[in-house]
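Since the structure comes first, as structure tokens, the remarks are kept for the end.
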Amino acid sequence: MQFQFFNTVIACILASLQLSHNQQSRCTTYTMHKKFIGSLHDDRAKPLWEIEKESVGLAMHVCFAYCERDQRCVGIEICTIRPDLARCRGCCEWYVVDKDGGLPRTAIGGCKYFELSKNSVESRGTRLSTNSNLSAVASSTYIEHGILEVEYPASNVLDGIYGNDCKRVNVYSSVIEKNPWLEVAWSGTITIWRIIIYNRYECCGSRLVNLNVTYKNNGVTGICGFYPGLLSRDGDILLFYCPPEAHATSVKLQIHSKPGQINELNLCEVEIYKKS
Ligand SMILES: *[C@@H]1O[C@H](CO)[C@@H](O)[C@H](O)[C@H]1NC(C)=O
Ligand SMILES: *[C@@H]1O[C@H](CO)[C@@H](O)[C@H](O)[C@H]1NC(C)=O
């Protein structure tokens, strides 16, 4: 009896996975597509939550419902731990997309990653445009004294230039110091949905470590996420999904230097999205 019930749950979920997002699913309003076989890597993704159940079908069923209720959830990783134990994790507090567009993964055969369709994710928010009076300030600005003097100002993170187009002159750079930071502000209070950070492209991607992403509203600080960055690479795109209570007037990105160490904060671009 119990066995039959689980079979139905699996069949029902699998049936809904086959449907395109335009079609109505019979079992859930939520449709996910298999993206890859493998696991979210600890240093490239921070899951939102984790649930263990006695079968894959049950884990999927519970996680789908969780994901549907969580504005930050963009996908689900499902793993078979043992024949009688399955785990699912919601993605993500933050995750990193490689410059080739790939999601973080490692080849662990017992796991599969399902993602929500792009349209249903994108409909959750909109990017703040330049007429929101976006501005950026930083703890310091690196100035290169060569034949020409070249400055790498904070405003470079709002110039719309990122990816392959982001040359050395388009980068923001702090001096080498303890706990360098950059803050982006705008006019009015918004509910932040997500923050996208474009790492430097032509060099030095590994400098992006121990990054604390926080927001501020009337002097009160909240946390969107902390990125350790042990595998940071040139051209990485970091997506931070903020908690629902993230009402804010500014966002701060700060490297927390290890005791006795100093760091250089380098960024191509920062995009702020508000909830729709
Ligand atoms: C941006 O700043 C200008 C000048 O201070 C102001 O008139 C305008 O209302 C601001 N825009 C928004 C969206 O608040
Ligand atoms: C991030 O910043 C917040 C606010 O300043 C602080 O409470 C938190 O401990 C920081 N996180 C880390 C990992 O340093």
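Numbered per mature numbering (1 follows the signal peptide of the UniProt record, and there is no 0), the sequence shown spans residues -22 to -1, 1 to 254.
For every residue, glycine included, the Cβ atom is placed at its ideal position computed from N, Cα and C.
Check whether the Cβ atoms of residue i and residue j lie closer than 7 Å to each other.
i: residue 70; j: residue 25; result: yes
i: residue 140; j: residue 176; result: yes
i: residue 34; j: residue 94; result: no
i: residue 191; j: residue 126; result: no
i: residue 116; j: residue 170; result: no
i: residue 136; j: residue 114; result: yes
i: residue 249; j: residue 154; result: no
i: residue 229; j: residue 168; result: no
i: residue 203; j: residue 27; result: no
i: residue 254; j: residue 104; result: yes
i: residue 15; j: residue 90; result: yes
i: residue 212; j: residue 74; result: no
i: residue 244; j: residue 185; result: yes
i: residue 29; j: residue 66; result: yes
i: residue 164; j: residue 110; result: yes
i: residue 92; j: residue 12; result: yes
i: residue 189; j: residue 21; result: no
i: residue 37; j: residue 64; result: yes
i: residue 107; j: residue 152; result: no
Would you kindly report the start and end of the unbroken beta strand (DSSP E) that includes residue i?
i: residue 102; result: Residue 102 -> no beta strand (DSSP E), and no H or E assigned at all.
i: residue 123; result: 121 to 123
i: residue 200; result: 198 to 205
i: residue 60; result: 53 to 60
i: residue 132; result: That residue, residue 132, is in no beta strand (DSSP E); it is neither H nor E in DSSP.
i: residue 15; result: 10 to 15
i: residue 69; result: 63 to 69
i: residue 73; result: 72 to 75
i: residue 255; result: Any property of residue 255 remains undetermined from this structure, which presents the chain solely from -22 to 254.
i: residue 94; result: 89 to 94
i: residue 264; result: Nothing about residue 264 can be read from this structure; the chain reaches only from -22 to 254.
i: residue 84; result: Premise fails: residue 84 is in no beta strand (DSSP E) and is neither H nor E.
i: residue 29; result: 27 to 31
i: residue 194; result: 189 to 195
Give the range of the alpha helix (DSSP H) segment to which residue i is assigned.
i: residue 269; result: A query on residue 269 cannot be resolved here, the shown segment of the chain reaching from -22 to 254 and no further.
i: residue 155; result: Residue 155 -> no alpha helix (DSSP H), and no H or E assigned at all.
i: residue 46; result: 34 to 47
Enumerated in chain order, which unbroken segments of the beta strand (DSSP E) with a length of 3 residues or greater are wholly contained in the stretch 212 to 248? Counting whole runs of 3 or more residues, the stretch 212 to 248 contains the beta strand (DSSP E) stretches 215 to 219, 225 to 233.
Strictly closer than 6 Å from CB to any heavy atom of ligand 2: give me those residues in the order they appear in the chain. So the residues near ligand 2 by this Cβ test are 190, 192, 199, 201, 204, 234.
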